[in-house]
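Q: My questions all concern the structure below.
Numbering (full-length UniProt numbering), first residue to last: 1 to 629.
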């Protein structure tokens, strides 16, 4: 039986799946407990069995799964204990537990919500199923819950569809749906993975406040040790289906015992890293760059100078809205607003900012996928200066070989119908590089450079892990020997151990091939590890740009300060200050002060103030350095 002190106790849980007539064990004799009103963090890499444990608790394991052991849930309302594994998945008793006494928030809010029903309908449906509530009362309670999770106009939100909400707001709607019946246990499966640091901080504060108000326990599944340090009371570390270490958060962080936990902590990029220090990946990927660059020899240093120069770039979108009287009202959205910066040869320029600030739109303009309204982009490859926005025909085809891109999602950016050989040789065929033998050698060299065996060339993307797929995306970008590689959130979909492999690979490639990077991310610790200089973007404008050692340790612009304050550190002595974050909304210009904002948002009133050592900040014309600091 479960201890009276435990809300949930898992004993000797074993989960296996039937694969080609054999059984694959994915959870092996797992034991853990969740205390009432406490947060237990379940930490591990992708594929370690975290989500399978959460599915077993909720009684939603897929059909091929077989589970043994016991999952004992003690309901604080009446003290009764139920063994969840003994219940049928579709039994009335299990359905009563699921959604009413236990609830879950999934990782991806867009696919978790039905696109055909309004947000309010989906949340109130939970009440109508689990309680004896009529539709009017269900709407009232749903609107109360929407207000509780941070919607400013719950009445309007009730009638909105999921696609009308941002990622952070969709996640809030998911939280409202999970909490509407006031469950005793909430399972949050990677609830902030797809969100910016500022939105993530809001969601974490919201979960913490609601947990205190409703007195519920939480099983927080994550691979982000910064979140664990800020949220958890107890920590359970899992590796390949086995529990490696468990205990109070203080003991786990201050005195980790298991080598796997120590390795996991060493794989996380942090702001205290010394110059030249490398991330320690859990499993080193053996790469052979000689196969790509020929015999190892010192690279000829390219002439220093500017490779790409962006001047006064702007892009606006008009949205049409039908008014009450049937008239169309046009509103102008400034996606990129008067952006200027240079990228020097051989450097990595980091571009950071929240979702929707214009980072990806800017990258698509540089790739000629979007045409800007105004501005200039000049590419100087050392032989000639190319007007990127004006080139056409064969010149455009030639320019595309010099600027390549690695996309955020390694799944959707690779064709599922093509083998890896076809994916890597396609750029060579399009640009008519070499004969079939040369292409074959080049493709094998690319595979060696990213640490994958050439035997995998006949495989399709679905047979690779997320990290391996991202390496294939990097190899495809390198196939034509580009001078500039634009990396759009290349590691945001990966967990820390795989992230460390990819970041180290990118650093090695940059050093050996003399590459120049534009590295776009919302993860400031990752940008700090990769970048030489960092540009901070907010609402279409670059508000601050400086060398990384200056901007992340002595930021001047209020927006940069707010972004840095929202980063959760894997350090118990540096907790997030939720109160300060709430008061200083990162993108809210009301909190910036008169020095950094222009009346009526007139860009002509703002200019870059030079604070020395390459540190520029956007402020009112005439503002001096002392006033800014």
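By construction, the Cβ of each residue, glycine as well, lies at the ideal position given by its N, Cα and C atoms.
Quick one: Cα of residue 41 to Cα of residue 369, how far?
A: Within the chain shown, the letter at position 41 stands for residue 41. Within the chain shown, the letter at position 369 stands for residue 369. Rounded to the nearest angstrom, the two C-alpha atoms are 42 Å apart.
Q: Restricting to runs no shorter than 3 residues, where is the beta strand (DSSP E) found entirely within the segment 95-139?
A: List check, beta strand (DSSP E) in window: 102-105.
Q: For residue 74 and residue 36, what's the separation of their Cα atoms in angstroms?
A: Taking the first residue of the chain shown as 1, we reach residue 74 at position 74. Taking the first residue of the chain shown as 1, we reach residue 36 at position 36. Residue 74 and residue 36: Cα-Cα distance of roughly 10 Å.
Q: Count Cβ pairs between the segment 259-270 and the segment 281-291 that sit closer than 8 Å; are there 3 or more?
A: Short answer: they touch.
Q: For residue 380 versus residue 331, is the C-beta distance shorter than 8 Å?
A: The residue labelled residue 380 in the question sits at position 380 within the chain shown. The residue labelled residue 331 in the question sits at position 331 within the chain shown. No, Cβ-Cβ distance for residue 380 and residue 331 is not below 8 Å.
Q: According to DSSP, is residue 248 part of a helix, a strand, or is it coil?
A: Taking the chain shown and counting its residues from 1, one reaches residue 248 at position 248. Residue 248 falls in the strand class under three-state DSSP.
Q: Using only alpha-carbon positions, find the residue among 274, 209, 596 that is nearest to residue 528.
A: Along the chain shown, one-based indexing puts residue 528 at 528. Out of 274, 209, 596, 274 has the C-alpha closest to the C-alpha of residue 528.
Q: Using 8 Å as the cut-off, can you tell me whether the segment 183-195 makes contact with the segment 99-117, which would need three or more C-beta pairs spanning the two stretches below that distance?
A: Touching, yes.
Q: So residue 485 packs on residue 503, CB below 8 Å; how close in whole Å?
A: Position 485 of the chain shown, counted from the start, is the residue given in the question as residue 485. Position 503 of the chain shown, counted from the start, is the residue given in the question as residue 503. About 14 Å separates the two Cβ atoms, so there is no contact after all.
Q: Which residues in the same chain have their Cβ closer than 7 Å to the Cβ of residue 571, if we skip the five residues on either side of it in sequence?
A: Mapped onto the chain shown, residue 571 falls at position 571. Taken in chain order, the residues that qualify are 229.
Q: Could you pull the start and end residues of the alpha helix (DSSP H) that residue 7 belongs to?
A: As a working note, residue 7 is residue 7 in the chain shown. Here residue 7 belongs to no alpha helix (DSSP H), and DSSP marks it neither H nor E.
Q: In three-state terms, what does DSSP make of residue 232?
A: Walking along the chain shown from the start, residue 232 turns up at place 232. Correct three-state label for residue 232: coil.
Q: Under the three-state reduction of DSSP, which class applies to residue 187: helix, strand or coil?
A: One-based indexing of the chain shown puts residue 187 at position 187. It is a strand residue.
Q: Suppose you measure from the CA of residue 425 to the CA of residue 480; what does that come to, to the nearest Å?
A: Mapped onto the chain shown, residue 425 falls at position 425. Mapped onto the chain shown, residue 480 falls at position 480. When rounded, the distance between both Cα atoms is 10 Å.
Q: Under three-state DSSP, which class holds residue 1?
A: Reading the chain shown from its first residue, position 1 is the one you call residue 1. Because the pLDDT at residue 1 is just 41, under 50, the model does not fix this residue reliably, and the point stays unresolved.
Q: Return the CA-CA distance between residue 269 and residue 134, expressed in angstroms with no decimal places.
A: Here residue 269 refers to the residue found at position 269 when the chain shown is read from its first residue. Here residue 134 refers to the residue found at position 134 when the chain shown is read from its first residue. Each residue's alpha carbon lies about 51 Å from the other.
Q: Among 93, 334, 338, which one has its Cα closest to the Cα of residue 606?
A: The residue given as residue 606 occupies position 606 in the chain shown. Minimum Cα distance to residue 606 is reached at 338.
Q: My assumption, with CB atoms under 8 Å, is that residue 161 sits in contact with residue 118. Please give the rounded CB distance.
A: Looking up residue 161 in the chain shown gives position 161. Looking up residue 118 in the chain shown gives position 118. About 6 Å; that satisfies the 8 Å criterion.
Q: If we ignore side chains and look at the alpha-carbon of each, how far apart do residue 561 and residue 511 end up?
A: As a working mapping, residue 561 is identified with position 561 in the chain shown. As a working mapping, residue 511 is identified with position 511 in the chain shown. Near 31 Å, if we compare the C-alpha coordinates of residue 511 and residue 561.
Q: Using CA atoms only, rank isn't needed, just tell me which of 254, 353, 221 is closest to residue 544.
A: Translated into the one-based positions of the chain shown, residue 544 becomes position 544. Looking at the Cα atoms, 353 is the closest of the given residues.
Q: Go through its chain and collect everything with a Cβ distance to residue 447's Cβ below 6 Å, but skip five positions before and after it.
A: Here residue 447 refers to the residue found at position 447 of the chain shown. For residue 447, where only same-chain residues beyond five positions count, the Cβ hits under 6 Å are 454.
Q: Would residue 222 and residue 181 be called neighbours here (beta carbons separated by less than 8 Å)?
A: Start at 1 with the first residue of the chain shown, and residue 222 comes out as number 222. Start at 1 with the first residue of the chain shown, and residue 181 comes out as number 181. Contact: no.
Q: Could you give the DSSP three-state label for residue 533: helix, strand or coil?
A: In the chain shown, residue 533 corresponds to position 533, counting from 1. Residue 533 falls in the strand class under three-state DSSP.
Q: Which residues in the same chain as residue 388 place their Cβ atom closer than 6 Å to its Cβ, once the five residues preceding and following it in sequence are excluded?
A: Counting from 1 along the chain shown, the entry for residue 388 is found at position 388. Cβ neighbours of residue 388 beyond the five flanking positions: 377, 379.
Q: Quick check on residue 77: buried or exposed, where buried means 16 or more other Cβ atoms within 10 Å of its Cβ?
A: As a first step, residue 77 is located in the chain shown; it is residue number 77 there, counting from the start. The residue is exposed, with fewer than 16 neighbouring Cβ atoms inside 10 Å.
Q: Smallest Cα separation from residue 501: which of 559, 178, 474?
A: As a first step, residue 501 must be located in the chain shown, where it is residue number 501. Residue 474 is the option with its Cα nearest to residue 501.
Q: Can you tell me where the alpha helix (DSSP H) with residue 167 in it begins and where it stops?
A: Counting from one through the chain shown, the residue named residue 167 turns up at place 167. Counting along the chain, the alpha helix (DSSP H) containing residue 167 begins and ends at 167-179.
Q: Helix, strand or coil for residue 547 per DSSP?
A: Along the chain shown, read from residue 1 onward, the residue named residue 547 stands at position 547. DSSP places residue 547 in strand when its eight states are reduced to three.
Q: Skipping 5 residues on each side, what residues in its chain have a beta carbon closer than 7 Å to that of residue 564?
A: As a position in the chain shown, residue 564 is number 564, starting the count at 1. Closer than 7 Å at the Cβ level, and outside the excluded window around residue 564, lie 524, 552, 555.
Q: If you drop the 5 nearest sequence neighbours on each side, which residues of the same chain put their C-beta closer than 7 Å to that of residue 419?
A: Within the chain shown, numbered from 1, the residue matching residue 419 stands at position 419. For residue 419, where only same-chain residues beyond five positions count, the Cβ hits under 7 Å are 457, 458, 459, 460.
Q: Can you tell me which of the three DSSP states residue 559 falls into?
A: For the purposes of this step, residue 559 is taken as the residue at position 559 of the chain shown. Residue 559 falls in the helix class under three-state DSSP.
Q: Which residues does DSSP pair with residue 23 in a beta bridge?
A: One-based indexing of the chain shown puts residue 23 at position 23. In the DSSP output, where bridge partners are listed per residue, residue 23 has 18.
Q: Count the other CB atoms, across all protein chains shown, that sit within 10 Å of the CB of residue 639; report buried if there are 16 or more and exposed otherwise.
A: Missing from the structure shown is residue 639; the chain here goes from 1 to 629 and no further.
Q: Are residue 82 and residue 97 close, meaning C-beta to C-beta below 8 Å?
A: What you label residue 82 is simply residue 82 of the chain shown in a count that begins at 1. What you label residue 97 is simply residue 97 of the chain shown in a count that begins at 1. Yes, Cβ-Cβ distance for residue 82 and residue 97 is below 8 Å.
Q: In this structure, what does DSSP give as the bridge partners for residue 404?
A: In the chain shown, the residue the question calls residue 404 occupies position 404. Answer is 485.
Q: Is the distance from the Cβ of residue 44 to the Cβ of residue 38 below 8 Å?
A: Taking the first residue of the chain shown as 1, we reach residue 44 at position 44. Taking the first residue of the chain shown as 1, we reach residue 38 at position 38. Cβ distance not < 8 Å, so residue 44 and residue 38 don't count as in contact.
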